[in-house]
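Peer 1: In short: position in the sequence shown from 1, add 17, done, that's the working numbering. Heads up, the beta-carbon is just placed ideally off N, CA and C, and yes, glycines get one too. Treat the numbers as computed from the prediction; the structure is a model and nothing was measured.
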Amino acid sequence: MLLAAFLLLVASAVANSSPGTVTGAPIQNASPRVVATFPVGKDLLDAVVSPDGKRLYVTDNSAFSSDEKAYTGGVHVVDTATRKVKATINVGEGPIDIVLNRAGTRAYVVNGRTYSISVINTRTNTVIRTLDVPPSPSQIVLNAAETVGYVATNSSLDGLVLLNLGTGAITARIPAGWNPQTVAVNAAETTAYTVNQTDGTLTVIDLRKRKVKSVIALGQFAYGVTVNQAGTRAYVNAFDSIVVVNPGSGKIIKTIPLTAIVAGRMHLNVAGTVGFTIAGHNGKTPAGGVLHVIKLSTNTVVGTAPVGFAANAIAFDPAGLLAYVPSGTGGTVTLLEMPR
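#1: Would you say I269 and G292 are within 7 angstroms of each other, going by their C-beta atoms?
#2: Report yes if the C-beta distance between G183 and L148 is below 7 angstroms; otherwise report no.
#3: What whole-angstrom Cβ distance do V220 and V232 have, given they're in contact under 8 angstroms?
#4: I need the DSSP call for N181, collapsed to helix, strand or coil.
#5: Below 8 angstroms CB to CB, which residues in the same chain sit around V57 once its five sequence neighbours on both sides are set aside?
#6: Could you tell me the boundaries of the beta strand (DSSP E) in which T76 lies?
#7: The beta strand (DSSP E) that contains K230, what's its start and end?
#8: So for L224, helix, strand or coil by DSSP?
#9: Could you check what DSSP says for N343 in three-state terms: helix, strand or coil?
#10: Between the Cα of A47 and those of E110, R140, L308 and Y125, spot the shortest distance and give me the residue it belongs to.
#11: Does the beta carbon of T188 come closer than 7 angstroms to any beta carbon on chain D?
#12: Compare the beta carbon distance of A104 and I115 with 7 angstroms and say whether it is the shorter of the two.
#13: Return the CA-CA distance between R130 and I331, expressed in angstroms with no decimal places.
#14: DSSP puts G109 in a beta bridge; with which residues?
#15: Just list the residues that DSSP pairs A255 with in beta bridges.
#16: For K103, which of helix, strand or coil comes out of DSSP?
#17: Give me the residue from V168, T346 and I134 with the minimum Cα distance to E110.
#18: What is the residue span of the beta strand (DSSP E) that E354 lies within?
#19: Since I believe S172 is in contact with V127 (beta carbons under 8 angstroms), could you give me their beta-carbon distance rounded to a whole number of angstroms?
#20: Comparing alpha-carbon positions, which option in L275, Y341, R146 and N245 lies nearest A204?
#21: With DSSP run on the structure shown, which of helix, strand or coil describes K15?
#22: Considering only residues of the same chain and omitting the five flanking positions on each side of S79, which have a CB-CB separation below 6 angstroms?
#23: List the DSSP bridge partners of A124.
#24: Looking at A189: is its Cβ nearer than 7 angstroms to the Cβ of L179?
#25: Check the C-beta distance from L224 over to E206 and give it rounded, since I have them as a contact under 8 angstroms.
#26: Cα-Cα, which of I106, G289, G306 and G70 is closest to T315?
#27: Could you work out which residue in T321, G121 and I278 is closest to N329 when comparing CA atoms only?
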């Protein structure tokens, strides 16, 4: 899997929670335990668990087959009890991001190559709609009412796109910087944050006025962003660290070093006291990447666990006690038990 594609990925929200929030995840100062590693597909990028914890949906960004006639990617539906793929759903080319609605009845898949969002009926495992978006989309976040999708596109002109999920109409295009990778929205849905890889900035957007409020220089490449519920802290996944930012003042509070190139974005527990993120392209550990547990009161790493090579995302079960980490190289998923 190409490094560029690996760095593009963003992790999705856990069902029944705010984007980047892990429902029920306990406070802990220990390392997760690897329970199992099981095969799912080829080039796995993102994953999300159903609200009942029975199904794991994994995007597979596999390229065309050798004869270039059949696309081998899609969304794999995994039975979490047996850890076996029970279905594969054909979507657009280059599926890189997936999110569920709170009921778990609809999945929204970002297709990076065909510039679209596939809407899946999870009861029938079929695509029921395809919504067109601007070139090179990379992530979608749903609003609380599940009527609007905030779509990050790797375009300086389109940047952040507001998509009406009912009609498929684009209601706003907000330029957000050079090569915006990911988007996060505060709990009040008044402010959005995009991370721009090329110029290494964090853009703060006023969603009511639909215009940029400020641009914060990070001083390095950046790929993912998560904000706490109050919107007082932004956690940016940079090259080999987490940059903690006060988005109100624009000041960098701390840079937390990690063990390898950072992927996706951080997940926070509901209390906002613990963060979880992946450093997935680990040259020091060729066998795989590392899941990091970060204590946010001190901004320090308090636990780690090995995961697959080029690991990209984290999907938590509804209780936040099990984590599924897909591997971009090898097509496996690592299942971890989180410390209690």
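Peer 2: Quick answer:
#1: no
#2: no
#3: Looking at the sequence provided, one finds Thr at residue 220 rather than Val. Contact holds; Cβ gap of about 5 angstroms.
#4: strand
#5: Cβ within range, chain order: V75, D77, H93, V95, V102, P343, G348, T349 and V350.
#6: R72 to D77
#7: K228 to A234
#8: coil
#9: Strictly speaking, residue 343 in this sequence is Pro, with Asn absent from that position. Strand.
#10: L308
#11: The chain inventory of the structure shown lacks chain D, comprising one protein chain alone.
#12: Going by C-beta atoms, A104 is not nearer than 7 angstroms to I115.
#13: 23 angstroms
#14: Answer is none; G109 lacks a bridge partner.
#15: A239
#16: strand
#17: I134
#18: T349 to E354
#19: About 14 angstroms; that fails the 8 angstroms criterion.
#20: N245
#21: No statement about residue 15 is possible, as the shown extent of the chain runs from 18 to 357 and does not include it.
#22: K59, D60, T89 and G90
#23: Bridge partners of A124: L117 and I137.
#24: Contact: yes.
#25: Confirmed, about 6 angstroms.
#26: Minimum Cα distance to T315 is reached at G289.
#27: Checked all of T321, G121 and I278; the closest Cα to N329 is I278.
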